[in-house]
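Working notes, structure below.
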Amino acid sequence: MSAIRVDSTKPYFATSSLVIGYALCSSLLAVTNKFAITKFNYLGLLTALQYLTSALGVWGLGKSGFLHHDIDPFTWQMAETCLPAALVFYLAIFINTNLLRHANVDTFVVFRSCTPLLVALEDIAFRKQPISSKLTFVSLLIILGGAVGYVATDSSFSSTAYSWAFAYLVTIATKMVYIEHMVTNVGSNAWGFVLYNSLLLQMMALQFSANLQS
Numbered sequence: 004m005s006a007i008r009v010d011s012t013k014p015y016f017a018t019s020s021l022v023i024g025y026a027l028c029s030s031l032l033a034v035t036n037k038f039a040i041t042k043f044n045y046l047g048l049l050t051a052l053q054y055l056t057s058a059l060g061v062w063g064l065g066k067s068g069f070l071h072h073d074i075d076p077f078t079w080q081m082a083e084t085c086l087p088a089a090l091v092f093y094l095a096i097f098i099n100t101n102l103l104r105h106a107n108v109d110t111f112v113v114f115r116s117c118t119p120l121l122v123a124l125e126d127i128a129f130r131k132q133p134i135s136s137k138l139t140f141v142s143l144l145i146i147l148g149g150a151v152g153y154v155a156t157d158s159s160f161s162s163t164a165y166s167w168a169f170a171y172l173v174t175i176a177t178k179m180v181y182i183e184h185m186v187t188n189v190g191s192n193a194w195g196f197v198l199y200n201s202l203l204l205q206m207m208a209l210q211f212s213a214n215l216q217s
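In my numbering, the protein residues as written are 4 to 217.
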């Protein structure tokens with residue numbers, strides 16, 4: 004009887020593919036958002052359109068069978084459960100947009116590269132996650148050192164831009180830890196949470212846009 008061979012490379016390939024895909028999406032999103040806010044000055048409406056696109060994309064892919072989300076039917080009880088996460092997410096996106104408005108993409112990327120260290124520390128402190136290996140923390144500290152070097156030598160230093168940058172660093176790290184906590188404990192699958200979150204964010208963005216114009 005021949006032994007069944009298990010391909011141990013599949014988990015690594017899947018993880019690598021997700022990491023590369025996330026890196027590409029994140030970098031393209033930063034550049035696209037920077038371009039969008041320089042050409043379209045209605046930030047509330049811009050973010051509302053982004054959230055609408057996200058919600059429609061997940062809903063449409065769910066209807067076509069490419070993914071599964073458990074949002075059908077929509078319930079206000081689940082919406083209320085997701086509301087705190089949506090508020091944190093909205094604050095992070097609001098600060099992110101203002102950072103891109105006042106700083107260049109390089110500054111944005113440098114500060115975003117520091118978020119893994121903060122997320123790791125918050126995971127240990129608040130979610131009681133195991134401490135990462137020493138080599139991992141050394142790598143994160145090296146990234147932090149590069150960011151400090153960038154700030155120290157930035158010829159286009161602006162107190163306004165860096166105020167938004169530090170605010171972004173804190174909120175994005177908090178958002179990542181809290182969203183991970185919500186996805187784990189909300190009682191909905193990941194795509195269902197994305198759809199709820201996008202719908203709530205769209206409502207907030209439209210309200211914010213309406214308040215600015217009133």
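Every residue, glycine too, gets a C-beta built ideally from N, C-alpha and C.
- For the pair Val34 and Val108, the Cα-to-Cα distance works out to about 7 Å.
- Between Val173 and Phe114, the alpha-carbon positions lie close to 10 Å from each other.
- In the DSSP annotation of this structure, Lys131 is not part of any alpha helix (DSSP H), being labelled neither H nor E.
- Nearest to Met81 by alpha-carbon distance, out of Leu204, Met207, Tyr199 and Leu209, is Tyr199.
- Taking all protein chains shown into account, Ile182 has 16 or more neighbouring C-beta atoms within 10 Å of its C-beta and is therefore buried.
- For the pair of segments examined, the segment 46-54 was found not to touch the segment 118-128: the number of CB pairs separated by less than 8 Å stays below three.
- Closest in alpha carbon position to Ala193, among Tyr25, His72, Gln53 and Ser57, is His72.
- In the DSSP annotation of this structure, the continuous segment of the alpha helix (DSSP H) that includes Asn101 starts and ends at Trp79 to His105.
- With a 10 Å radius around the Cβ and a threshold of 16 neighbouring Cβ atoms, Cys85 comes out buried.
- In the DSSP assignment, Leu64 falls within the alpha helix (DSSP H) that extends over Leu46 to Lys66.
- In the structure shown, the three-state DSSP call for Ser161 is coil.
- Ala95 is not a Cβ neighbour of Ile40, given a cutoff of 8 Å.
- Cβ-Cβ distances below 6 Å link Tyr93 to Leu204 and Met207 in the same chain, with the five nearest sequence neighbours on each side left out; the list follows chain order.
- Comparing alpha carbon positions, the residue from Val22, Phe97, Thr78 and Phe69 closest to Leu209 is Phe97.
- The DSSP-derived three-state label of Asn200 is helix.
- Take Val61, set aside five residues on each side of it, and the residues of its chain with a beta-carbon closer than 8 Å to its own are Leu70, His72, Trp194, Val197, Leu198 and Ser201, in chain order.
- Looking at the backbone, the Cα of Val91 and that of Gly68 are separated by about 30 Å.
- Going by C-alpha positions, His184 is about 12 Å away from Pro87.
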